[in-house]
Amino acid sequence: MSIDKQDVQKIAHLARLALTEADAEQYQQSLSSVLSLVEQMQSVNTDGIEPLSNPLEMTQRLRDDVVTEDNRRDDFLVNAPQTEAGLFLVPKVID
Amino acid sequence: MNWEVVIGLEIHTQLSTKSKLFSGAAVGFGAEPNTQTTLVDLGMPGALPVFNKEALRMAVMFGHAINAEIGMTSVFARKNYFYPDLPKGYQTSQMDHPIVGKGYLDVTLDDGTTSRVGITRAHLEEDAGKSLHEDFHGMTGIDLNRSSTPLLEIVSEPDIRSAKEAVAYVKMIHSIVTYLGICDGNMAEGSMRCDINLSLRPKGQKEYGTRTEIKNVNSFRFIEKAIYTEIERQSDILEDGGKIVQETRLYDPEKNETRSMRSKEDANDYRYFPCPDLLPIELTEAYVEEIRQTLPELPSQKAARFQSEYKLSEYDAHVLSSSRAMADYFETANKQVKDAKLTANWVMGELSKTLNQEQLEIAQSTVSAEAFGELLIRIKDNTINGKTAKDVFQAMWLGEGSADQIIDAKGLKQVTDTGAIESMIQTILDANQAQVEQYRAADEDKQKKMIGFFVGQVMKASQGKANPGIVNPILAKMLKG
Chain A
25 MSIDKQDVQK
35 IAHLARLALT
45 EADAEQYQQS
55 LSSVLSLVEQ
65 MQSVNTDGIE
75 PLSNPLEMTQ
85 RLRDDVVTED
95 NRRDDFLVNA
105 PQTEAGLFLV
115 PKVID
Chain B
64 MNWEVVIGLE
74 IHTQLSTKSK
84 LFSGAAVGFG
94 AEPNTQTTLV
104 DLGMPGALPV
114 FNKEALRMAV
124 MFGHAINAEI
134 GMTSVFARKN
144 YFYPDLPKGY
154 QTSQMDHPIV
164 GKGYLDVTLD
174 DGTTSRVGIT
184 RAHLEEDAGK
194 SLHEDFHGMT
204 GIDLNRSSTP
214 LLEIVSEPDI
224 RSAKEAVAYV
234 KMIHSIVTYL
244 GICDGNMAEG
254 SMRCDINLSL
264 RPKGQKEYGT
274 RTEIKNVNSF
284 RFIEKAIYTE
294 IERQSDILED
304 GGKIVQETRL
314 YDPEKNETRS
324 MRSKEDANDY
334 RYFPCPDLLP
344 IELTEAYVEE
354 IRQTLPELPS
364 QKAARFQSEY
374 KLSEYDAHVL
384 SSSRAMADYF
394 ETANKQVKDA
404 KLTANWVMGE
414 LSKTLNQEQL
424 EIAQSTVSAE
434 AFGELLIRIK
444 DNTINGKTAK
454 DVFQAMWLGE
464 GSADQIIDAK
474 GLKQVTDTGA
484 IESMIQTILD
494 ANQAQVEQYR
504 AADEDKQKKM
514 IGFFVGQVMK
524 ASQGKANPGI
534 VNPILAKMLK
544 G
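Listed in order, the protein sequences are those of chains A and B. With the first letter of the first sequence counted as 1, position 64 gets the number 88 in our numbering; the numbers rise by one all the way through. With the first letter of the second sequence counted as 1, position 83 gets the number 146 in our numbering; the numbers rise by one all the way through.
This is the structure we're talking about:
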């Protein structure tokens, strides 16, 4: 199984990565070889085996429903390039 | 052509936990921007989510209420997309193993018919933040308070066939989640939002038509109107031989139309995968059963009990049990009145009317259920008649005192002394000789209509305080002469 350059560009776009033509070509090859490996693995019979969602054989720990965090807005906003009225400012987005 | 409407609904209900789904930040509407966030909610590198136990309990409780299979192993997945109010670049949701599996609801429509709506699943997920598009020097403001607020997304089967049925279903979900106390049900503040999937097909056809999805409709009325306008839009296109484009649309209540949302073709390519930061949640039978034991009486069970215990009509029982607050109000008031029909009529009548006028919820009523019951007792024991009671109620609403205080202060006590009523009637008959002659000359059918004039005169003379039950027979007798 292999993917074409268009697939690579689409995946890159979904991940918001800008790829040059040369990059795309390289990724096309390396991703295709990953898929070949997957293809090889698909020949294993997995009837009756539940897909693994996590390799750790543990279950999720739960937290009590208690508010434990204070307002630290000032600390957080310091990291942002631009803020106003307690908001993070980003380039204009419209739905 | 005769089109059949096919509707499926996705309802996002905000779970009323104190803290967020994956962090210890407070959850709440209307706080100052970005004051309820943590490193986890901001998607800072290395910050790890820890799952809220209470959100799990609420989801399982909902599962029980819709007769659903509970997911004994459920898994969180990442739904990947980029938007500034989603700093992590993915929404933590559930895909293959939701916490609540297949269930159903029997929905009763206003005309009394019942239909079963299948529920495909309900899964836990976190909400995103909020983008404010007001002008900040041509930039967008981001408030992440809502980020990681717990949501339960309830997905129905495409079983719904009309706008009315859709609204009845949403109302029922609303009433269940508020009964369970897992959601405050405040649609205006976004605690419940609905996505509508809608398509048309020629009646009798088995395959579904192409559907559109109307996003984020947040009131019962808008859901109904959005469905009507979208049905009209789609049928116009199909009648003209056109094709429906599968897309996401937005309902604009001001123009009463749905509009296409500009969205890229690949917008729905979410590339779900199991979230490596969260381990699978394993439930035990004992835990699931323990929660089942805590289920309160649900709306449909309450409605059935109201019919059998209070002998109320199906309609009355349905209306009164639609909200837990209204049902409790009715039962508290009726505990004193002990006349369910009278109490039901007044809760659904005068009280509901006043609440609607003031746009208040029953919990905000200025007249308590106990005080309301005291008023109804005075109708029942004939101290006042129904008409006067409405005035007393309005005075109570304005805080002028208890029913008895107002009746005393305004001298509204009904005249039940037959002697006094007789002499009052005599004065009226004397003053209206001509009408009395006409009455006596008329046949029985006409008399029935004509007696209203005399009743009106008596009520006027007594300032509404004469008891109609006593006036009517005496009046009829005296008119006979």
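Backbone N, C-alpha and C fix where the C-beta goes; we use that ideal spot for every residue, glycine too.
- Close CB contacts of B:E463 within its chain, under the 7 Å cut and outside five residues either way in sequence, are with I469 (chain order).
- In the three-state reduction of the DSSP assignment, B:L475 falls in the coil class, being assigned neither a helical nor a strand state.
- Contact check for B:S82 against A:V91 passes: the beta carbons are separated by less than 8 Å.
- Per DSSP, the unbroken beta strand (DSSP E) holding B:D315 starts and ends at 311 to 315.
- B:Y392 carries a helical assignment under DSSP once its states are collapsed to helix, strand and coil.
- By the rule that beta-carbons nearer than 8 Å mark a contact, A:G110 touches chain B.
- The contact set of B:I162 on chain A, defined by CB atoms closer than 8 Å, is empty, because the minimum CB distance reaches about 12 Å.
- Inclusion of B:I217 and B:I182 in the CB contact set at 8 Å is warranted, their separation being smaller than that value.
- Residue nearest to B:P147 within the set A:T70, A:L41, A:L61, A:K116 is A:K116 (criterion: CA-CA distance).
- Relative to the Cα of B:V521, the nearest Cα in the group B:D506, B:A505, B:A539, B:A504 belongs to B:A539.
- Residue pairing by DSSP places B:W66 opposite B:P265 in a beta bridge.
- Across the structure, B:A122 and A:Q106 are spaced so that their CA atoms are roughly 39 Å apart.
- Excluding the 5 residues flanking it on each side, B:G248 has same chain C-beta neighbours closer than 7 Å at H237, V240, T241, S254, M255, in chain order.
- For B:R503, the enclosing alpha helix (DSSP H) has its first and last residue at 496 to 504.
- Fully enclosed beta strand (DSSP E) runs of no fewer than 3 residues occupy 153 to 157, 166 to 171, 177 to 189, 193 to 199, 202 to 206 of the stretch 153 to 207 of chain B, in order along the chain.
- Under the DSSP definition of a beta bridge, B:T212 lacks any partner.
- Between the C-alpha atoms of B:K365 and B:M459 there is a straight-line separation of about 29 Å.
- Residues of chain B whose Cβ lies closer than 7 Å to the Cβ of A:Q84 are, in chain order, F114, L341, L342, P343, I344.
- Closest in C-alpha terms to B:A140, from the list B:L187, B:V180, B:L492, comes B:L187.
- Separation of the CB atoms of A:R85 and B:V113 is rounded to 7 Å, and the pair is thereby assigned contact status at 8 Å.
- A direct Cα-to-Cα measurement between B:G412 and B:E302 gives close to 44 Å.
- Identification of chain A residues near B:T101 by a Cβ-Cβ cut-off of 7 Å yields E93, ordered along the chain.
- Taking a C-beta distance under 8 Å as the contact criterion, B:L313 and B:K278 qualify as a contact pair.
- Look at B:D258 here: in three-state DSSP terms it is strand.
- Annotated three-state conformation of A:E108 is strand, per DSSP.
- Rounded to the nearest whole angstrom, the CA to CA distance from B:L461 to B:R179 is 44 Å.
- The alpha carbon of B:H160 has as its nearest neighbour, out of B:A226, B:V69, B:I344, the alpha carbon of B:I344.
- Using a Cβ-Cβ cut-off of 8 Å, A:V58 does not count as an interface residue toward chain B, since no Cβ of chain B sits closer than that to its own.
- From the beta-carbon of A:P115, the residues of chain B found nearer than 9 Å are P147, G201, M202, T203.
- If only uninterrupted alpha helix (DSSP H) runs of at least 4 residues are considered, those enclosed by the stretch 86 to 141 of chain B are 116 to 128.
- Shown here for B:I533: same chain residues with a beta carbon closer than 7 Å to its own, the five before and five after excluded, namely T479, T481, I484 in chain order.
- Annotation: A:N103 to B:F125 spans about 40 Å, alpha carbon to alpha carbon.
- Boundaries of the alpha helix (DSSP H) around B:E433: 432 to 443.
- Non-local beta-carbon contacts of B:D379 in its own chain, meaning distances under 6 Å to residues more than five positions away in sequence, involve A407 in chain order.
- Under the DSSP definition of a beta bridge, B:K278 partners with B:L313.
- The beta-carbon distance between B:I133 and B:L361, rounded to whole angstroms, is 17 Å. This is too long to meet the 8 Å contact definition.
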